[in-house]
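J.: Each step along the sequence shown adds one to the number in this note's numbering, with nothing skipped, and position 21 is 21. First the structure, which I've put down as structure tokens, then a few questions once you've had a look.
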Amino acid sequence: MKLSVNGRSVLFSTIVLPASIFFFSCGGGSSSESAEATVDSTQNMPAHDHAAATDSVPATVPLVKQAEVIIAATYTDTVVNGKAKFDALDNGKVKMELEIEVPSKAGKSVAVHIHEHGDCGDNGKATHGHWNPTNAQHGKWGSASFHLGDIGNVKLDAKGKGTLTMETDLWSLGGTPDKNILGKAIIVHGGVDDYTTQPTGNAGSRIGCGVIQ
């Protein structure tokens with residue numbers, strides 16, 4: 001390449017290395033960051049996917065033959081006492097024998113449900129909603145659609161005492177989450193279940209609670 005300098009013709013050699021270095025240098029940092037991001041993303045994605053997959057895999061709990069729950073009041077101004085015994089029968093069913101006492105509701109009925117979480121805090125609200133592993137509509141037990149936690153209404157006598165006995169093969173004491181009731185909560189409501197209102201049955205406040213253990 002010739003250039004004229006002070007009237008003289010000077011020959012220069014064109015060197016392309018700086019351009020190459022420039023592109024390598026500028027692109028190098030960006031590529032490195034991109035590569036690092038790509039590596040991190042590639043490393044993180046499987047971990048995230050694995051965690052999600054792990055969460056979705058049913059956690060099997062060892063089966064036991066018996067369980068129980070002690071039910072206590074969630075409000076200081078409303079007396080609620082109760083207990084339930086659960087037995088795993090040889091025919092694959094679970095038998096529940098429930099006893100509750102709510103003197104202020106004597107001669108009336110109160111709704112009883114199994115709720116998702118075994119935490120009776122916040123006046124029973126920490127139990128969250130009805131246990132419903134099949135994602136069904138709320139309804140009366142044994143009807144076309146009902147939650148597996150939809151036990152139903154318990155009639156109380158003149159002293160506010162009531163009992164309920166039932167057997168079902170839809171529950172288990174241990175096993176997989178679609179049937180296992182261990183660690184779930186029993187909630188006694190202040191009203192009756194209308195079996196229609198979604199998803200609660202309009203059963204009223206949570207006046208009693210206990211965890212199945």
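Note that beta-carbon positions come from the ideal geometry of N, C-alpha and C, so glycine has one too. The model shown is predicted, which means the values in this text are computed figures rather than measured ones.
With DSSP run on the structure shown, which of helix, strand or coil describes Lys-125?
T.: Translated into the one-based positions of the sequence shown, residue 125 becomes position 125. Three-state result, Lys-125: helix.
J.: So, at 7 Å on beta carbons, what are the nonlocal neighbours of Glu-97 in its own chain, with the 5 sequence-adjacent residues on each side left out?
T.: Your numbering for residue 97 matches position 97 in the sequence shown. Excluding sequence neighbours, Glu-97 sits near Ala-84, Lys-85, Thr-165.
J.: When the Cα of Ala-106 is compared with those of Ala-185, Tyr-195, Lys-93, Val-80, which residue comes out closest?
T.: One-based indexing of the sequence shown puts residue 106 at position 106. Nearest C-alpha to Ala-106: Val-80.
J.: Shortest alpha-carbon distance to Lys-179 belongs to which of Asp-169, Ala-158, Gly-124?
T.: Here residue 179 corresponds to residue number 179 of the sequence shown, with the count starting at 1. Residue nearest to Lys-179 within the set Asp-169, Ala-158, Gly-124 is Asp-169 (criterion: CA-CA distance).
J.: Label Ser-172 either buried or exposed according to how many other C-beta atoms from any shown protein chain fall within 10 Å of its C-beta, with 16 as the threshold for buried.
T.: What you label residue 172 is simply residue 172 of the sequence shown in a count that begins at 1. Under this definition Ser-172 is a buried residue.
J.: Taking only three categories from DSSP, how would you classify Ser-143?
T.: The count along the sequence shown starts at 1 and reaches residue 143 at position 143. Three-state result, Ser-143: coil.
J.: Report the CB separation of Glu-68 from Gly-82 in whole angstroms; it is logged as a contact under 8 Å.
T.: As a first step, residue 68 must be located in the sequence shown, where it is residue number 68. As a first step, residue 82 must be located in the sequence shown, where it is residue number 82. No, Glu-68 and Gly-82 are not in contact; Cβ-Cβ is about 11 Å, not under 8 Å.
J.: Lys-161 by DSSP, collapsed to three states: which one?
T.: Within the sequence shown, residue 161 is the residue found at index 161, counting from 1. Strand at Lys-161.
J.: By the 10 Å Cβ neighbour count, where 16 or more other Cβ atoms means buried, how is Gly-142 classified, buried or exposed?
T.: On the sequence shown, residue 142 is found 142 positions in, with the first residue counted as 1. Gly-142 should be labelled exposed.
J.: Exposed or buried, what is Asp-156 when buried is set at 16 or more other beta-carbons lying within 10 Å of its beta-carbon?
T.: Along the sequence shown, read from residue 1 onward, the residue named residue 156 stands at position 156. One detail in the question is off: residue 156 reads as Leu in this sequence, not Asp. Per the 10 Å Cβ criterion, buried.
J.: Could you tell me if Asp-90 is buried or exposed, where buried requires 16 or more neighbouring beta carbons within 10 angstroms of its beta carbon?
T.: Walking along the sequence shown from the start, residue 90 turns up at place 90. Residue environment: Asp-90 is assigned as exposed (fewer than 16 neighbouring CB atoms within 10 Å of its CB, all protein chains considered).
J.: Which one or two residues does DSSP pair with Leu-98 in a beta bridge?
T.: Here the question's residue 98 lines up with position 98 in the sequence shown. Looking at the DSSP output, Leu-98 bridges to Ala-84, Leu-164.
J.: Taking CB distances under 9 Å as the criterion, tell me whether Gly-92 reaches chain C.
T.: Going by chain labels, chain C is absent from the structure shown, which holds only one protein chain.
J.: Pull up the distance between the alpha-carbon of Gly-118 and that of Val-64, whole angstroms please.
T.: The sequence position of residue 118 within the sequence shown is 118, counting from 1. The sequence position of residue 64 within the sequence shown is 64, counting from 1. If you draw a straight line from the Cα of Gly-118 to the Cα of Val-64, it comes to about 18 Å.
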